[in-house]
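Data block below; observations after.
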Amino acid sequence: MTTDAAYMQLALELAGRGRYTTDPNPRVGCVVVKDDAVVGRGWHERAGQPHAEVMALADAGELARGATVYVTLEPCCHQGQTPPCTQALIDAGVGEVVFALEDPNPQVAGRGLGVLTAAGLAVRQGPLADQSRGLNRGFVSRMVRGRPYVRAKLAVSLDGKTALASGESQWITGPESRADVHRQRAAASVILTGSGTVIADNPKLTARLDDPDIAVLQPQVVIVDSALKVAGNAKLFRQGSPLFFTRSDDQQARVGIEQAGGEIEWQPGGGQVDLACLMDRLAERGCNEVWVEAGPGLNGALTEASLVDEYIIYYAPILLGSAARDMFDFCVQELSERIQLEVVEQTRLGEDFRVRALPRA
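Numbering (numbering that gives the first Met the number 0) for the sequence shown: 0 to 360.
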């Protein structure tokens, strides 16, 4: 590994410490290097708090003057909840800035580089751009595509079944898989589910990690509930304010949900919620990553609408038979219509296997 790559790798490891807390901001890490030694470290911890560069510069103090700064994302140059990092770097008198990934935010997108260069700093793009992008898939998706990055989670038997015909599904997978699901939940902006899942399972849909010292910004629960069937005593009202997308005009149901602490996004027209519009609205609300835990109806609709970016499937070594419930509710009439996936990872979790698959273009 080259020297640049080693320092950027350290910055990426620092960025990962904000995996569960930075939303809706990107996960960014930074190190300050002088005379071949790391003299400052920092990462962005939470929206509204100092960015990674500012934290690292504070850690370095006067040693930052003339130093080289490695940061996983191009420094911001605009006034947001915090001042621009470009000015902090200029004021600190650093000699060089090396960044991994150009910031996809239209307010930055190369402008940070320009500001630093105009101030006389040496600036260059360094290694590990793909790793920085991977850590911030949701942020990049929201900035570039105008919608969040969507992961659909399915816990299934080896014959591809998610529950018995009665709806019983606890527990198909083992404790290692369930712990992994909580880590995935914690990293998401939103947990998306359907009214059928809420009514049948009455889940809390919270992120609970084994280590109580790890800070977690709880994801918002979003429910697709076209007819407003979910009652106000559901467990998901106990933490946070669940967001409902609906097309129902039922005022009594609406009042019940709002009195329970829920929020409603109403879409005009009858029928089913428009899922593409739902994703647009989530992006407008600052949502980077959506974690889907739903039944075959919503999973099928999202798949048919080409709204799933990644499938995370937990396979348990059991068989549930032909009467059990399937993963998706959609129909392929001809093989030419099949939805093709690319498996990018297979991981053993206890007795289970986790498979990550991406839709082929």
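The C-beta atom is built at its ideal place from N, Cα and C for all residues, glycine as well. Predicted model, so just to flag it, every value in this text is computed and none were measured.
Other residues of its chain near residue i: CB distance less than 8 Å, five sequence neighbours each side excluded
i, result
"L88", "E52, L56, V68, P74, V96, L115 and L120"
"E303", "F329"
"P316", "L157, E350 and D351"
"S240", "Q219, G260, G261 and E262"
"T1", "P126"
"L11", "G28, T71, A99, L127, Q130, S131 and L134"
"S305", "P358"
C-alpha gap between residue i and residue j, whole angstroms
i, j, result
"G268", "D3", "55 Å"
"L357", "E344", "10 Å"
"V132", "P218", "In the sequence under discussion, the amino acid at residue 132 is Arg, which differs from the Val named in the question. Cα-Cα distance, rounded: 21 Å."
"Q86", "G60", "16 Å"
"R177", "V122", "44 Å"
"N135", "L127", "13 Å"
"A185", "D179", "10 Å"
"G296", "S165", "16 Å"
"A206", "I190", "10 Å"
"V38", "L334", "59 Å"
"Q332", "Q339", "15 Å"
"Q106", "P211", "36 Å"
"K203", "A99", "38 Å"
"D102", "L112", "10 Å"
"G92", "G28", "19 Å"
"H50", "D22", "13 Å"
"F353", "E309", "It is worth fixing the name first, because residue 353 is Arg in this sequence and not Phe. Approximately 13 Å between the Cα atoms of the pair."
"R355", "V143", "23 Å"
"Q238", "G173", "26 Å"
"A14", "G320", "44 Å"
"Q266", "T81", "35 Å"
"A199", "L62", "59 Å"
"Q124", "G47", "26 Å"
"N201", "L348", "26 Å"
Under 7 Å between C-beta atoms of residue i and residue j
i, j, result
"L9", "V32", "no"
"K152", "I256", "no"
"F236", "A259", "yes"
"N24", "R141", "no"
"I222", "T192", "yes"
"V216", "T20", "A quick correction: the sequence has Leu, not Val, at residue 216. Contact: yes."
"R110", "C76", "yes"
"Q130", "W290", "no"
"R359", "E336", "no"
"D58", "R45", "no"
"D249", "L274", "no"
"G145", "A36", "no"
Best match in the options for proximity to residue i [C-alpha to C-alpha]
i, options, result
"D351", "L318, M326 and I222", "L318"
"K160", "R177, A322 and A230", "A322"
"N104", "D129, D90, L72 and L134", "L72"
"S188", "L11, E12, R26 and R353", "R26"
"R284", "R16, V143 and P147", "P147"
"V299", "G320, M326, E309 and P316", "In the sequence as presented, Val is not what sits at residue 299; that position holds Gly. For the residues G320, M326, E309 and P316, the minimum Cα distance to G299 belongs to M326."
"G220", "L62, A233 and W42", "Residue 220 is actually Val in this sequence, not Gly. Nearest C-alpha to V220: A233."
"D90", "E292, A66 and S335", "A66"
"Y313", "E175, D200 and A185", "E175"
"V197", "S165, D273 and A230", "A230"
"D224", "Q169, L277, Q238 and A206", "L277"
"E292", "A36, A154 and S240", "A154"
"V307", "G137, G320, A108 and L62", "G137"
"Q271", "G92, S247 and R353", "S247"
"H181", "A199, N201, S194 and I213", "I213"
"R150", "T346, R347, L301 and G320", "L301"
"M54", "G47, L274, L62 and W42", "W42"
"R64", "T81, G47 and D34", "D34"
"G94", "A118, A108, P82 and T81", "A118"
7 Å Cβ shell around residue i - same chain, five flanking residues per side excluded
i, result
"I263", "F243, T245, R253, I256 and E257"
"Y6", "V30, V32 and Y69"
"A162", "S168, A323 and R324"
"R280", "E264"
"R18", "R26 and A186"
"A108", "E101 and D102"
"V139", "P103 and R132"
Residues near residue i in its chain [Cβ-Cβ closer than 6 Å; skip 5 each side]
i, result
"G195", "G294"
"T346", "R353"
"R16", "W42"
Check: residue i C-beta below 6 Å from any heavy atom of the ligand MN
i, result
"A4", "In terms of ligand content, the structure shown is empty, and the ligand MN therefore cannot be addressed."
Write down every uninterrupted run of the beta strand (DSSP E) in the region 127-184 whose length is 3 residues or greater and which is fully enclosed by it, in chain order. Note on the region 127-184: whole beta strand (DSSP E) runs with a minimum of 3 residues are 148-156 and 160-162, in chain order.
Which whole runs of the beta strand (DSSP E) in the region 183-221 are 3 residues long or more, in chain order? DSSP runs (the beta strand (DSSP E)) wholly in the region 183-221: 189-193.
My parser needs the beta strand (DSSP E) runs of 3 or more residues fully inside the region 287-315; what are they? If one requires a minimum length of 3 residues, the beta strand (DSSP E) runs lying completely within the region 287-315 are 288-291 and 309-315, in chain order.
Could you give the uninterrupted runs of the alpha helix (DSSP H) lying entirely in the region 44-101, keeping only those of 4 residues or more? The qualifying runs are 51-59 and 84-91.
In chain order, what are the residue ranges of uninterrupted alpha helix (DSSP H) at least 4 long that sit wholly in the region 208-283? DSSP runs (the alpha helix (DSSP H)) wholly in the region 208-283: 250-258 and 274-283.
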